Amino acid sequence: MSARPHEVTEQQVQEDLIRLDAYRDQLNALLQQHQILEASRADHLRARESLEGIDRAPPTAELLLPLGGEAFVRGGVDRTAPVLIGIGSGVVAEMERPKVVELLAQRLVRIEEATREIEGQMNSLNERIQQLSRRLDSIARATTQPSDVGRD
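Sequential numbering from 110 applies to the sequence shown in my numbering.
What follows is the structure in structure tokens.
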């Protein structure tokens, strides 16, 4: 006895459940990537704003230079000195300040583009999850309602 074409088989439901789990796993991975991009964006914004703040400060201004672990040292910055910036794979390059500001701005644009792309993927995946969830819910309601009638 075969199932009618409009009936959903148990195998199809199982496949939908597996697909739903896979979609949720993909969404979680995208959320993690989004968080990494947001942290990187914030880091790049801080770097750019710090360079701009140094340029606006009086030449004799004393600055607090972060060392990490919430530790700082007082000091000053030579505005004519080049800036060290990471260029990937643990490599650091020495560049003039305007070039570093430009590089940071370019990186911010790429980070924001990647963030928008991931957000689009997340929205698309979330729509698929919602659609599949509604489908599974309607199947569950359809299979429980007829069998519950007359069982008292």
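Built from N, CA and C at the ideal position, the CB exists for glycine as well. None of these values were measured; they are calculated from a predicted model.
query = Do Val209 and Leu160 have their C-beta atoms within less than 8 angstroms of each other?
reply = yes
ask   = Leaving out five residues before and five after Asp246 in sequence, what residues of the same chain have Cβ atoms less than 7 angstroms from its Cβ?
value = none
key: From His143, Glu116, Arg133 and Ala180, residue whose alpha carbon lies closest to that of Ile238   = Comparing Cα-Cα distances from Ile238 to each of His143, Glu116, Arg133 and Ala180, the minimum goes to Arg133.
task = Could you check which residue in Glu228, Ala180 and Ser233 has the C-alpha nearest to that of Glu147?
result = With distances taken between Cα atoms, Glu147 lies closest to Glu228.
query = Going by beta carbon distance, what residues of the same chain come within less than 6 angstroms of Leu217, once the five residues before and after it are set aside?
reply = His153
task = Alpha carbon to alpha carbon, how far is Thr253 from Arg260? Give it in angstroms, no decimals.
result = Bear in mind that a pLDDT of 49 at Arg260, under 50, signals an unreliable position, so the model cannot answer this.
query = Can Arg128 and Asp164 be called in contact, C-beta distance under 8 angstroms?
reply = no
key: Opposing strand residues paired with Arg219 [DSSP bridges]   = BP columns for Arg219 are empty, so no partner.
Helix, strand or coil at Arg183 [DSSP, three-state] = strand
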